[in-house]
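Colleague: FYI, in the working numbering the residues of the sequence shown are 49 to 183. Beta carbons are placed, not taken as given, at the ideal position from N, Cα and C, and that holds for glycine.
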Amino acid sequence: MTRGQRNHNPLNIKRSPGTKWLGQCPQQRDRVFVQFEADLFGLRAAFRIMRSYLTLHNLQTLRQVIYRWAPPEDGNCPDSYVNIVAMHSGVRPDAYLCWGDRDKLVAIVKAMAWVESRMDNIDEGLLIKAYELAR
Numbered sequence: 049m050t051r052g053q054r055n056h057n058p059l060n061i062k063r064s065p066g067t068k069w070l071g072q073c074p075q076q077r078d079r080v081f082v083q084f085e086a087d088l089f090g091l092r093a094a095f096r097i098m099r100s101y102l103t104l105h106n107l108q109t110l111r112q113v114i115y116r117w118a119p120p121e122d123g124n125c126p127d128s129y130v131n132i133v134a135m136h137s138g139v140r141p142d143a144y145l146c147w148g149d150r151d152k153l154v155a156i157v158k159a160m161a162w163v164e165s166r167m168d169n170i171d172e173g174l175l176i177k178a179y180e181l182a183r
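#1: Out of curiosity, what's the CA-to-CA distance linking L107 and R77?
#2: Based on Cα-Cα distance, which residue from H56, M49, D151 and N60 lies nearest to E164?
#3: Keeping to the same chain, check which residues put their C-beta closer than 6 Å to that of C146; ignore five residues upstream and five downstream.
#4: Answer with buried or exposed for K158, where buried requires no fewer than 16 other C-beta atoms within 10 angstroms of its C-beta.
#5: Using the Cβ count rule (16 or more neighbours within 10 Å means buried), how would you classify G55?
#6: What does DSSP give as the partner residues of F89 in its beta bridges?
#7: Quick check on the DSSP output: the alpha helix (DSSP H) that includes H136 runs from which residue to which?
#8: With distance defined between alpha-carbon atoms, name the residue in E121, M135 and F84 nearest to P58.
#9: So L181 and R92 are supposed to be a Cβ contact under 8 Å. How far apart are they, rounded?
#10: What is the DSSP secondary structure of K62, reduced to helix, strand or coil?
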């Protein structure tokens, strides 16, 4: 079981002082990543971050989102990450994204969960519910 799976945090969202997520476990035993009570809440948080990237930070493509999510200065290889998510989601790296395109964003978050936590069996209904809760 991966760390993201144990934490119910499929996209490995880092802890941030002053940020309390819906469904966050009262006791945070992981020093780096947020621990959630269920995958639904970890996925909801991922969609909330995605929404802020698209609407507040004006990121418009999968490539821009991934470069912010997993920047090279944190030791990541964002080009590889982009290519894997594009392949698994069917979304081109430079395709325009908008918050209202639920199906595209669900596919992206599902693919990111595979990259981050090797979770390839997330139920589509759970992803849609998390997206809706993030609205």
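Modeller: By the coordinates alone:
#1: Sequence index remark: in the sequence shown, residue 107 carries index 59 (1-based). Sequence index remark: in the sequence shown, residue 77 carries index 29 (1-based). Roughly 32 Å between the two C-alpha positions.
#2: Here the question's residue 164 lines up with position 116 in the sequence shown. For the options H56, M49, D151 and N60, the alpha carbon positioned closest to that of E164 is the one of N60.
#3: One-based indexing of the sequence shown puts residue 146 at position 98. Nothing listed; no residue qualifies.
#4: Here residue 158 refers to the residue found at position 110 when the sequence shown is read from its first residue. Its Cβ being crowded by 16 or more others within 10 Å, K158 is buried.
#5: Within the sequence shown, the letter at position 7 stands for residue 55. Going by the sequence as given, residue 55 is Asn instead of Gly. The residue in question, N55, is buried, as its Cβ has 16 or more Cβ neighbours within 10 Å.
#6: Counting from one through the sequence shown, the residue named residue 89 turns up at place 41. F89 is not bridged to any residue.
#7: Mapped onto the sequence shown, residue 136 falls at position 88. Secondary structure note for H136: its alpha helix (DSSP H) is the uninterrupted segment P126 to S137.
#8: Counting from one through the sequence shown, the residue named residue 58 turns up at place 10. The option with the nearest alpha carbon to P58 is F84.
#9: Here residue 181 refers to the residue found at position 133 when the sequence shown is read from its first residue. Here residue 92 refers to the residue found at position 44 when the sequence shown is read from its first residue. Approximately 5 Å separates the beta-carbon atoms of L181 and R92; this is inside 8 Å, confirming the contact.
#10: Translated into positions along the sequence shown, residue 62 becomes position 14. Strand, per DSSP.
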